[in-house]
Amino acid sequence: MTKLNSAIDLEKIVKKAKENQHLERPLIVVSSGTCGRARGSEKVFKAFEKTIKANELKDKVNLRDSCCHGFCEAEPNVIIFTNNGKHQKPIFYQKLKPEDVDEIIEKTILKNEIIDRLRYTDPQTNQKYTYFDEIPFYNKQYRLVSGNNVFVDPTNINDYFAIGGYCGLAKALTMKQEDVIAEVKKSGLRGRGGAGFPTGLKWEICRKQKGDEKYIICNADEGDPGAYMDRSLLEGNPHCVIEGIIIGAYAIGAKQGIIYVRTEYPLAIENLKIALDQARKCGLLGENILGSGFNFDIMIARGAGAFICGEETALIASIEGRIGEPRQRPPFPGEKGLWGKPTNINNVETWGTLPIVINHGAEKFAAIGTTGSKGTKIFSLVGKVRNTGLVEVPMGITLKEVIYDIGGGIPEDKAFKAVQTGGPSGGCMPKELLDLKIDYEGLTAAGSMMGSGGMIVMDENTCMVDVAKYFLNFLRDESCGKCFSCREGTQRMYEIVSEITEGKGKEGDIAFLKEVAQMVKDASMCGLGQTAANPVLSTLRYFEDEYIAHIKDKKCPAGVCKALIKYLILPDKCTGCMKCIKACPQNAITGERKKVHKLNQELCIKCGICKETCPFDAIIVE
Amino acid sequence: MPKVRINGIDFEFERGTNLLEAAKFLGIEIPTLCYNEGLSAYGACRLCVVEIAYTNSPNNTKVVSSCTYPVEDNLVVRTHSRRVIQTRRMLLEMYLATCPQSKIIQDLASKWEVKQCRFKVKYEDCIMCGLCVRMCKEQMDARAINYVQRGYKRKITTPFDKKSEVCKLCGGCMYVCPVCQARCQGPQEKEPICNACISENPPCLDAWDDMKCYMDPCAWCEQEKREKVKK
Chain L
28 MTKLNSAIDL EKIVKKAKEN QHLERPLIVV SSGTCGRARG SEKVFKAFEK
78 TIKANELKDK VNLRDSCCHG FCEAEPNVII FTNNGKHQKP IFYQKLKPED
128 VDEIIEKTIL KNEIIDRLRY TDPQTNQKYT YFDEIPFYNK QYRLVSGNNV
178 FVDPTNINDY FAIGGYCGLA KALTMKQEDV IAEVKKSGLR GRGGAGFPTG
228 LKWEICRKQK GDEKYIICNA DEGDPGAYMD RSLLEGNPHC VIEGIIIGAY
278 AIGAKQGIIY VRTEYPLAIE NLKIALDQAR KCGLLGENIL GSGFNFDIMI
328 ARGAGAFICG EETALIASIE GRIGEPRQRP PFPGEKGLWG KPTNINNVET
378 WGTLPIVINH GAEKFAAIGT TGSKGTKIFS LVGKVRNTGL VEVPMGITLK
428 EVIYDIGGGI PEDKAFKAVQ TGGPSGGCMP KELLDLKIDY EGLTAAGSMM
478 GSGGMIVMDE NTCMVDVAKY FLNFLRDESC GKCFSCREGT QRMYEIVSEI
528 TEGKGKEGDI AFLKEVAQMV KDASMCGLGQ TAANPVLSTL RYFEDEYIAH
578 IKDKKCPAGV CKALIKYLIL PDKCTGCMKC IKACPQNAIT GERKKVHKLN
628 QELCIKCGIC KETCPFDAII VE
Chain G
-16 MPKVRINGID FEFERGTNLL EAAKFLGIEI PTLCYNEGLS AYGACRLCVV
34 EIAYTNSPNN TKVVSSCTYP VEDNLVVRTH SRRVIQTRRM LLEMYLATCP
84 QSKIIQDLAS KWEVKQCRFK VKYEDCIMCG LCVRMCKEQM DARAINYVQR
134 GYKRKITTPF DKKSEVCKLC GGCMYVCPVC QARCQGPQEK EPICNACISE
184 NPPCLDAWDD MKCYMDPCAW CEQEKREKVK K
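These protein sequence lines map, in sequence, to chains L and G. Here my numbering is used: the first sequence runs in plain steps of one and ends on residue 649. Here my numbering is used: the second sequence runs in plain steps of one and ends on residue 214.
Rendered as structure tokens:
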């Protein structure tokens, strides 16, 4: 790797990297992020390597080990660019096994044939798709930031150069620092970590502070259950995050950057270390970056996986080696942060978006989205939805479009009940709000929030009281415990909600819950505490009837809360096949062949195995 | 020096003063369990919450702990607003359910007219106010105890729960603790709530948005009484 001493050097290396990519050769991109690896993508990649070597195709076929392509449901998948004119668009194969590899090389690479069984089949329409961009999951998205994961091998900086990497930095370095901030302000970019504070404004506050010593922190302590866009970005395209951080550091005047990443993301840390090393060797970090006279370096700080350390003041405490607990703001970190110096903290996705903002210009970025919320946002679409994965959509898209058009709707055509956004502190929105446009203000007005972008879809078989209980359990565990209101309040709310799910709910519990929730919201110090009541308040706002059913009728309408349900055998449907008798772990079902079986309620532990085994739908939940 | 308006009184305070001290200086009493003049402010008990707003956006109010919030220009503080009192009462109700054996908590509950306790009573030994931790560190320079774990599992102990080698057995931790003292002998000792010393002053919230009774005897109530008599 040669050291780049000026923007001209960078231009040259970008040109050279593009040439070295050999775009005339077919290219196979294997999706191999953490989720892909969990489903065996490493074996698939090795099989590709082996087959390519065996067929002596090493100089004829390019193979890329890229990270997450976003489509978790279809892991491990490959995207094949044939690059020979036979197929204009990239081919997409899903759910691969190492055994499929020989066939792909033989048929698709050498003969340009499509392998039918590896094509993606839409579970809703049963239509088959060959090409990557035609799949509904992808073609409704706007993959501005996450889309580059396909074009980049995270361990190879040349791949990043080939897509114009670090050109945004070179452009920023030619601008005045105030102009960079003005450009970011003009773009309307808001923090992607949760609260949505305007990024340009945050930078300006930090820049205006006196003193030479300032810090930049990248918050990669992603802890929401079911959210993993930051991980995907750090694993798949670490250089875009690094470039964003350097641009920010230049604008603010910081000399030291820190990426605070949780230890639970080993692949992200590994790729980040490699990327930082490469950037240093290329002279993109260190002294006199690209001959501009600007010095800056980045180090990695690893967190031990406390959710609260995503809060900025707790994060700073954790880096300083103290207990990870928030402190009162003001002073804000922009004024007094790490080691008492002005510190600017932004989330991974915000940093990853910045090179695009600078490179493409603020106007182009601001053209996407709504009046208050600009650009695109990555959501991790999970739960009861057909196409789970990371989706990047422009702000202002409706929930319905994300869940039904991109997500493919609810499996088994069950009814939609709610969607939960914003992580544990977010809220649940009912089907009446499906037409809600996704932006910061809209979600907050609906009692939820943008958060870092988790989106959990729930179907009719989800009990909302149980959901509130789940999130309260998460929060009582993850609260730092400093404020009495949050520590004891989440615990007490959890106890009350637990009692409701156990059928011990009392009249007046709902009003009492609301009172406690309001107190927790008002009295707590940090963002976690102030939003800790949201799971309760939002479910109470839209699903109060379910709470009432639990308390008054002692029934769980969704059939989830074990203390309130009963499994029953329908005599007219039971054929006496004895399957449930064999399956029941408690021996609670008795009966003879071809005679209606009986279920002993006292022995039943309500595991639901009998209902799943019954071929005649003769067992119901009441 | 920043000029702050506290309950309608404009006053200049030295930079770095916290709102709790500022209110105290003006004779306004704010309850607290985790604040001590000799120790750094921590903000754990939340009883000292006040409602604040800035003059440029008077409707954008929020509740903050006064012991950790610094005086700032254009700050408008209400120490006894409806929202604050409701929050304090709810907190005290929860304190009563956690540590009913504490005299300080019982007295505060009476003073703030908390007459019910809807939570399950737990009789815990600690409210995690952290006075002992700060006492040990800041005044005794021993650092023998600190917090362990987080959330509902949080506790205060020595490293690895082993007998401390740095503890000087000075007893400073016990001296500042608001919980580990004997409870006064109320009429219904077994109940979580004692209320034996409940204040006779009626709350003013029926008539006004702010409680005015921080002056004792409350001039507003006296005036009200007099007007009633006149009629």
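The C-beta atom is built at its ideal place from N, Cα and C for all residues, glycine as well. Predicted, not measured: the structure shown is a model, and the values here were computed from it.
Cβ shell of residue i (< 8 Å), same chain only, five flanking positions each side left out
i	result
Gly481 (chain L)	Asp251, Pro252, Gly253, Ala254, Phe406, Ser407, Val409, Gln447, Thr448, Gly449, Gly450, Gly453
Glu505 (chain L)	Gly250, Ala333, Phe334, Ile335, Pro451, Leu555
Lys103 (chain G)	Ala80
Closer than 8 Å to chain L by CB, residue i
i	result
Pro53 (chain G)	yes
Phe102 (chain G)	yes
Ala5 (chain G)	no
Val33 (chain G)	no
Cys82 (chain G)	no
Asp193 (chain G)	no
Lys(-14) (chain G)	no
Arg(-2) (chain G)	no
Leu74 (chain G)	yes
Pro170 (chain G)	In this prediction, Pro170 (chain G) scores a pLDDT of 49, lower than 50, which makes its location untrustworthy; no coordinate-derived value is stated.
For residue i, the first and last residue of its enclosing alpha helix (DSSP H)
i	result
Val492 (chain L)	491 to 505
Asn414 (chain L)	Premise fails: Asn414 (chain L) is in no alpha helix (DSSP H) and is neither H nor E.
Ile208 (chain L)	204 to 214
Lys548 (chain L)	536 to 550
Glu526 (chain L)	511 to 528
Thr380 (chain L)	375 to 387
Gln69 (chain G)	65 to 81
Cys115 (chain G)	114 to 117
Where the beta strand (DSSP E) through residue i begins and ends
i	result
Ser565 (chain L)	Where Ser565 (chain L) is concerned, there is no enclosing beta strand (DSSP E), although the alpha helix (DSSP H) it sits in stretches over 561 to 578.
Thr44 (chain G)	40 to 48
Asn89 (chain L)	89 to 93
Gly454 (chain L)	454 to 457
Tyr130 (chain G)	129 to 131
Val(-13) (chain G)	-14 to -11
Short CB-CB distance (under 8 Å) between residue i and chain G
i	result
Met546 (chain L)	yes
Ser506 (chain L)	yes
Gln48 (chain L)	no
Arg503 (chain L)	yes
Gln236 (chain L)	no
Glu339 (chain L)	no
Asp549 (chain L)	yes
Ile350 (chain L)	yes
Pro360 (chain L)	no
Met256 (chain L)	no
Pro357 (chain L)	yes
Met552 (chain L)	yes
Residues near residue i in its chain [Cβ-Cβ closer than 6 Å; skip 5 each side]
i	result
Met326 (chain L)	Ile285
Ser551 (chain L)	Cys510, Ser512, Cys513, Gln557
Thr340 (chain L)	Pro353, Arg354
Whole-number beta carbon distance between residue j and residue i, since they are thought to touch under 8 Å
i	j	result
Asn488 (chain L)	Ala585 (chain L)	6 Å
Val563 (chain L)	Met520 (chain L)	6 Å
Gly603 (chain L)	Lys622 (chain L)	5 Å
Met546 (chain L)	Thr62 (chain G)	Not really, about 17 Å apart at Cβ, beyond 8 Å.
Glu419 (chain L)	Tyr193 (chain L)	Not really, about 22 Å apart at Cβ, beyond 8 Å.
Val384 (chain L)	Leu216 (chain L)	6 Å
Contacts around residue i, its chain only, beta-carbon distance under 7 Å, and the 5 residues preceding and following it disregarded
i	result
Leu3 (chain G)	Ile13, Thr15, Tyr18, Cys31, Ser49, Cys50
Lys25 (chain L)	Because chain L spans 28 through 649 in this model, residue 25 (chain L) falls outside it and cannot be assessed.
Asp56 (chain G)	Pro(-15), Lys(-14)
Glu121 (chain G)	Leu22, Ser23
Thr182 (chain L)	Asn298, Ile301
Using a Cβ-Cβ cutoff of 9 Å, what residues of the region 509 to 522 of chain L are near chain G? List them in chain order. Taking 9 Å as the Cβ-Cβ cut-off, the region 509 to 522 of chain L approaches chain G at Lys509, Cys510, Phe511, Ser512, Cys513, Arg514, Glu515, Gly516, Thr517, Gln518, Arg519, Tyr521, Glu522, given in chain order.
Given a limit of 7 Å on CB to CB distance, which residues of the region 134 to 166 of chain G reach chain L? Gly134, Tyr135, Arg137
In chain order, what residues of the region 104 to 132 of chain G put their CB closer than 7 Å to some CB of chain L? Ile110, Met111, Tyr130
With 7 Å as the C-beta to C-beta threshold (strictly closer), list the residues of the region 454 to 486 of chain L near chain C in chain order. The question asks about chain C, but that chain is absent: this structure's protein chains are L and G.
Give the residues from the region 46 to 70 of chain G that approach chain L closer than 8 Å (Cβ to any Cβ), ordered along the chain. Closer than 8 Å at the C-beta level to chain L, one finds these residues of the region 46 to 70 of chain G: Val46, Val47, Ser48, Thr51, Tyr52, Pro53, Glu55, Arg66, Gln69, Thr70.
Residues in the region 318 to 336 of chain L having any Cβ partner in chain G nearer than 8 Å: Ala333, Ile335
Between the region 11 to 35 of chain G and chain L, which residues of the former have CB atoms less than 7 Å from a CB of the latter, in chain order? Those residues of the region 11 to 35 of chain G placed with their C-beta closer than 7 Å to a C-beta in chain L are Gly26, Ala27, Cys28, Arg29, Val32, ordered along the chain.
If you measure beta-carbon to beta-carbon, which residues of the region 526 to 543 of chain L are closer than 7 Å to chain G? Under the 7 Å Cβ criterion, the region 526 to 543 of chain L contributes Phe539, Glu542, Val543.
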